[in-house]
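S.K.: Can you keep this structure in mind? I'll have questions shortly.
Next comes the structure, spelled out in C-alpha cells:
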C-alpha cells in the first residue's frame, strides 16, 4: 500500500483538500488513528459511560471542544476540523444510514454536535509489520474486513448494541505472538477478542467472506485462522440499535480514519 | 439487617478478631466494599489487563503492596491485612475449590502473593435505600443471590471466563431510576448489565431460584423483574475457567467483603 503521508497532519490536510479519499491503513506510521462518532450534546454523557463500560470496542481517545466547535481538544491536533479531516463519512438520521462515504459533514454538523474519537486498530499494525506479521489487507491493498457480531455491549443510558470486530488472518501458531504484540495498545483495542472457528461461533459470525464493512478477504490458507479485534465502527452499530437516539448522527466511513497528532507511545499501556 | 459496624476499619478489626463472619451488606454505610482475589505475582500483569478490558465485572480499586506484603496500598486502609480482613475466604488449588468460607488465609498466602481489590455493588446499596429502593436481600437479611452467566469476558493473557452477576428484584417501572442511581458508581459495577426475562435469556440464567453463590431469593412479586449487575465474584469464576493458572489462588467468600477506607464519593464518576 502506498504510504503517501508521513505525519497525521499531512493525512488530515490531504483529506480536507479532497486529495485523499482512501482507507488510512499504513498511513502516517507512528501516529494514532481514530474512529469518529458525532452526537448531540444531550447524549454525550451516556456515550462517555458506554465507552467506559466497553473500553475494548469503544476506547475513548478524545473529544472535540464542545459548544459545536469542530476542533479536537489538544493534544490531538491543533489544526483540526472533524467535519473534513477523515477521507470519508457516514451520516445517520433517526438510526438509519442516510449517506455512505461522503467527503465531508459540513451540512450535518449542528450547533450542539460533539465529536468523539475512538482508538483504531490500524495504530498497532506497524508493530505487527515490524515483527514479520504484516496484516493481510496491507499486503493486498484492500480495506480491512469488519463484521457485526451478536456480542452484546454492556448498556449505558440510552445506548445499547452489539460489538463490531475487524479481522486479520494468522497461523494458529502465531496467535500468542500476535496477542502479545497488540496487548499493550489498550487505547486502540488491545489484544484480540476471539479467534479461530470457535471465535466465529462465539461472536455469531457465519460467513467470513461477507463482512458487513470493508472489503471481503481473499481465501485464507489451510493453516490460517481468522483473528478478531474490537472495532471502533461499534458506535455506528450502536446508533442503529438504540431507539431513543434521534436526529443526525455522523461517523467516519469504516476504514477511513481520522489521524491525530498523538504518537503511538501515548496510547500504549505502561 | 444489623448495622453493627459504622466504619470500614471497625468491620476489618471485627473480621480479624473472628467476631464477625457474616455477609457485609449494610455494614459501614458511606464506605467502599471490595471483592478480593489473590494471585501469584507472575499473573499480576495479565490480571490488571483483564480488569482494564472488563471494568464492569472487574473494576480494579486497588492492590496490596507487592513482594508478599499483605497490607493494602494506601489510601485503602493503613491498618490492613488481606489475609484476615474479610469475614470469610475461598481457596482454590489448580483451578478447583479447596476450601469454602474459611476464616483466614494465613496458611495459603505465599511470598509472591498479590491481593487485588475489586469494587462491590454493596457500595451503592445505601443510595438505593435513600431513594426508597432498598434491595430485597437487605430487608430479608439474606445474602445477595449471585449467578454464573454465559457472557464471555474479553480475554487477557492467561485469563478467560464468564461474568458472574448479582440480582436485586424491582418493578419494571423503577428500572430507569435504579439505572440512574447506580450509573455513577463506575468502580463498583455501575448500572445494571441486563434485566427482565430478556436479560435472563441473554445471560443464560435458567433458574432464578438456584443461584450459584449467595442465598436463593424469595419468590418475586408478579409485578417485579430480576435486575442484574456485574459482580466481583467474576475473578473466582475466571480462575476456574483458565487452565494455565496453577497453584493456590484465594478469594473472599461471596457476599463477605473487604471494607476499605475509601469513602463512597471516591468511587463515583465525576
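Protein chains in written order, with this note's numbering: chain H, 10 to 279; chain R, 10 to 279. Glycine residues also receive a C-beta, built at the ideal position from the N, C-alpha and C atoms.
#1: Tell me which residues share the same chain as residue 109(R) and place their Cβ nearer than 8 Å to its Cβ, disregarding the 5 neighbours each side in the sequence.
#2: Based on the DSSP secondary-structure assignment, which residues constitute the bridge partners of residue 108(H)?
#3: Quick check on residue 106(H): buried or exposed, where buried means 16 or more other Cβ atoms within 10 Å of its Cβ?
#4: How do the segment 58 to 72 of chain H and the segment 204 to 220 of chain H stand: do at least 3 beta-carbon pairs fall below 8 Å, yes or no?
#5: Give me the residue from 266(H), 89(H), 236(H) with the minimum Cα distance to residue 73(H).
#6: How many Å lie between residue 37(R) and residue 21(R) at the Cα?
#7: Relative to the C-alpha of residue 272(H), which candidate in 135(H), 64(H), 65(H) has its C-alpha closest?
#8: Kindly indicate if chain H contains any beta-carbon less than 7 Å away from that of residue 10(R).
#9: Cβ of residue 55(R) within 7 Å of Cβ of residue 131(R)?
#10: Enumerate, from N- to C-terminal direction, the unbroken alpha helix (DSSP H) stretches of 4 or more residues contained entirely within the segment 163 to 208 of chain H.
#11: Do the CB positions of residue 260(H) and residue 45(H) come within less than 7 Å of each other?
#12: Alpha carbon to alpha carbon, how far is residue 43(R) from residue 175(H)? Give it in angstroms, no decimals.
#13: Does the segment 225 to 232 of chain R come close enough to the segment 155 to 173 of chain H that 3 or more CB-CB pairs lie under 8 Å?
#14: Between residue 191(R) and residue 200(R), is the Cβ-Cβ spacing less than 7 Å?
#15: Compare the C-alpha of residue 140(H) against each of 150(H), 258(H), 164(H), 188(H) and name the closest.
#16: Closest Cβ-Cβ distance between residue 296(R) and chain H: below 7 Å?
#17: Over what stretch of residues does the alpha helix (DSSP H) that includes residue 272(H) continue unbroken?
#18: If you count every other CB in all the chains shown that lies within 10 Å of the CB of residue 83(R), and 16 or more means buried, which is it?
#19: Based on Cα-Cα distance, which residue from 274(H), 95(H), 252(H), 236(H) lies nearest to residue 47(H)?
#20: Checking 7 Å against the spacing of the C-beta atoms, do residue 276(R) and residue 149(R) come in under that value?
#21: Is DSSP giving residue 19(R) helix, strand or coil here?
#22: Measure from the alpha carbon of residue 111(R) to the alpha carbon of each residue in 93(R), 125(R), 243(R), then state which is nearest.
#23: Return the chain-ordered list of same chain residues with a C-beta closer than 7 Å to the C-beta of residue 113(H), the five sequence neighbours on each side being excluded.
#24: Would you kindly work out how many angstroms separate the C-alpha atoms of residue 79(R) and residue 206(R), rounded to a whole number?
#25: Taking the beta carbon of residue 274(R) as the centre, do at least 16 other beta carbons fall within 10 Å, making it buried, or is it exposed?
#26: Roughly how many whole angstroms lie between the Cα atoms of residue 31(H) and residue 147(H)?
#27: Check whether the Cβ atoms of residue 256(R) and residue 49(R) sit closer than 7 Å, and answer yes or no.
#28: In its own chain, which residues sit with a C-beta less than 7 Å from the C-beta of residue 202(H), not counting the 5 before and 5 after it?
#29: In its own chain, which residues sit with a C-beta less than 7 Å from the C-beta of residue 194(H), not counting the 5 before and 5 after it?
#30: To which residues of the same chain is residue 10(R) closer than 7 Å at the C-beta, ignoring the five residues directly before and after it?
#31: Given that a residue counts as buried once 16 or more other Cβ atoms are within 10 Å of its Cβ, and exposed if not, what is residue 68(R)?
#32: Along the chain, where does the alpha helix (DSSP H) that runs through residue 248(R) open and close?
#33: Taking a cut of 7 Å between CB atoms, which residues from the segment 48 to 64 of chain R lie near chain H?
#34: Which chain H residues sit within Cβ distance under 7 Å of residue 199(R)?
#35: Run through DSSP, which three-state label would residue 10(H) get?
#36: Going by the CB atoms, is the gap between residue 124(R) and residue 249(R) shorter than 7 Å?
M.R.: This is what the structure gives:
#1: Leaving aside the five residues that flank residue 109(R) on each side, the residues in its chain whose CB is nearer than 8 Å to its CB run, in chain order, 99, 262.
#2: 100(H).
#3: Answer is exposed; the Cβ neighbour count stays below 16.
#4: Too few Cβ pairs lie closer than 8 Å, so no.
#5: Ranking the options by Cα distance to residue 73(H), first place goes to 89(H).
#6: Within the model, the alpha-carbon separation for residue 37(R) versus residue 21(R) is close to 10 Å.
#7: The shortest Cα separation from residue 272(H) among 135(H), 64(H), 65(H) belongs to 135(H).
#8: The predicted position of residue 10(R) is uncertain, since its pLDDT is 46 and thus under 50; a value taken from the coordinates is nonetheless stated next. So, not an interface residue.
#9: Not a contact, by the Cβ cut-off of 7 Å.
#10: Runs of alpha helix (DSSP H) with 4 or more residues, each lying fully within the segment 163 to 208 of chain H, are found at 184 to 191, listed in chain order.
#11: Closer than 7 Å, so yes.
#12: Cα-Cα distance, rounded: 35 Å.
#13: Per the Cβ contact rule, the segment 155 to 173 of chain H is not in contact with the segment 225 to 232 of chain R (fewer than 3 Cβ pairs under 8 Å).
#14: For residue 191(R) and residue 200(R), yes; Cβs fall inside 7 Å.
#15: Just measuring C-alpha positions, the residue of 150(H), 258(H), 164(H), 188(H) sitting nearest residue 140(H) is 188(H).
#16: Since the displayed chain R opens at 10 and closes at 279, residue 296(R) lies outside it and no answer follows.
#17: Taken as a continuous stretch (DSSP letters only), residue 272(H) belongs to no alpha helix (DSSP H), being part of the beta strand (DSSP E) at 267 to 272.
#18: By the 10 Å Cβ count, residue 83(R) comes out exposed.
#19: Ranked by Cα distance from residue 47(H), the first of 274(H), 95(H), 252(H), 236(H) is 95(H).
#20: At a Cβ-Cβ threshold of 7 Å, residue 276(R) and residue 149(R) do not count as neighbours.
#21: Looking at residue 19(R) - three-state DSSP - the assignment turns out to be helix.
#22: Ranking the options by Cα distance to residue 111(R), first place goes to 93(R).
#23: If we look at residue 113(H) and ignore the five residues flanking it on each side, its Cβ neighbours are 92, 93, 98.
#24: Their Cα atoms are separated by approximately 42 Å.
#25: Per the 10 Å Cβ criterion, exposed.
#26: If you take the alpha carbons of residue 31(H) and residue 147(H), they lie about 13 Å apart.
#27: Closer than 7 Å, so yes.
#28: Taken in chain order, the residues that qualify are 65, 174, 237, 238, 239.
#29: For residue 194(H), where only same-chain residues beyond five positions count, the Cβ hits under 7 Å are 132, 133, 276, 277.
#30: Caution is warranted here: a pLDDT of 46 is assigned to residue 10(R), below 50, making its placement in the model unreliable, and no coordinate value can be reported.
#31: Counting the other CB atoms within 10 Å of its CB gives residue 68(R) a total of 16 or more, which places it among the buried residues.
#32: 243 to 250 is the span of the alpha helix (DSSP H), which, as asked, contains residue 248(R).
#33: Residues 58, 61, 62, 64.
#34: Annotation: Cβ neighbours of residue 199(R) in chain H (cutoff 7 Å, chain order): 62.
#35: Any answer about residue 10(H) is weak, because its pLDDT of 46 lies below 50 and its placement is not dependable; what the coordinates show is given next. Three-state result, residue 10(H): coil.
#36: By the CB criterion at 7 Å, residue 249(R) and residue 124(R) fall outside the cutoff.
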